[in-house]
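Going by UniProt numbering, the first residue of the sequence shown is number 1, and it counts up by one from there.
Heads up, the beta-carbon is just placed ideally off N, CA and C, and yes, glycines get one too.
Note that the structure is predicted; figures quoted are calculated from it, not measured.
What follows is a set of notes on a single structure, which appears directly below.
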Amino acid sequence: MEKYGDGLFKGASHKLFEFSRVLRKGSTDAEDILWQALRRKQLDGFKFRRQHPVNKYIADFYCHDAKLIIEVDGEIHNQVENKECDQGRTYELEELGITVIRFTNEHVNTDLNAVLNEIRSYFQK
């Protein structure tokens, strides 16, 4: 199933691929806005994939070349149990050599240029 080798998907299961297709159809407004800025290598020539399976997770956006995951979080991520879950997920992904950055829906909706500039700063690292 994996034509790019295990490096791109880090062993993601077939079920995760199916679920990622469902998520792509139900993206939030903020995810759609950010996707329009990231797709087709528009941001400094880097290719992003949306709702991309990585290991046992689905990343909102993933750039394999930069080893960068971008998460766009709604209000539910402010709840203590969700923050803890997000921290654990970030830790596990960073153990795989992937950097995870997070933005709120509000930040994407109100200041897309600042979000894009912050993403660009990770291409330099």
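Range covered by the beta strand (DSSP E) that runs through residue i
{"i": "aspartate 73", "result": "68-73"}
{"i": "threonine 28", "result": "Element bounds for threonine 28: n/a, residue is neither H nor E."}
{"i": "isoleucine 101", "result": "99-104"}
Alpha helix (DSSP H) segment containing residue i, residue limits
{"i": "arginine 120", "result": "112-123"}
Inter-residue CB distance, residue i and residue j (contact presumed, cutoff 8 Å)
{"i": "valine 54", "j": "alanine 12", "result": "6 Å"}
{"i": "lysine 10", "j": "leucine 96", "result": "6 Å"}
{"i": "serine 20", "j": "histidine 52", "result": "7 Å"}
{"i": "isoleucine 119", "j": "leucine 16", "result": "About 24 Å; that fails the 8 Å criterion."}
Pairwise C-alpha distance: residue j and residue i
{"i": "glutamate 2", "j": "lysine 83", "result": "The pLDDT assigned to glutamate 2 is 39, lower than 50, so where the model puts this residue is not dependable; a value taken from the coordinates is nonetheless given after this. One C-alpha to the other measures close to 31 Å."}
{"i": "lysine 56", "j": "phenylalanine 48", "result": "19 Å"}
{"i": "tyrosine 62", "j": "threonine 104", "result": "17 Å"}
{"i": "isoleucine 33", "j": "glycine 74", "result": "14 Å"}
Any chain D beta carbon closer than 8 Å to residue i
{"i": "arginine 89", "result": "Absent here is chain D; the protein component of the structure consists of one chain."}
Beta-carbon gap between residue i and residue j smaller than 8 Å
{"i": "alanine 37", "j": "phenylalanine 123", "result": "no"}
{"i": "asparagine 117", "j": "alanine 30", "result": "no"}
{"i": "isoleucine 58", "j": "valine 100", "result": "no"}
{"i": "arginine 89", "j": "arginine 50", "result": "no"}
Inset, instruction - May I have a chain-ordered list of the alpha helix (DSSP H) segments no shorter than 4 residues that lie completely inside the region 42-66? - result: none
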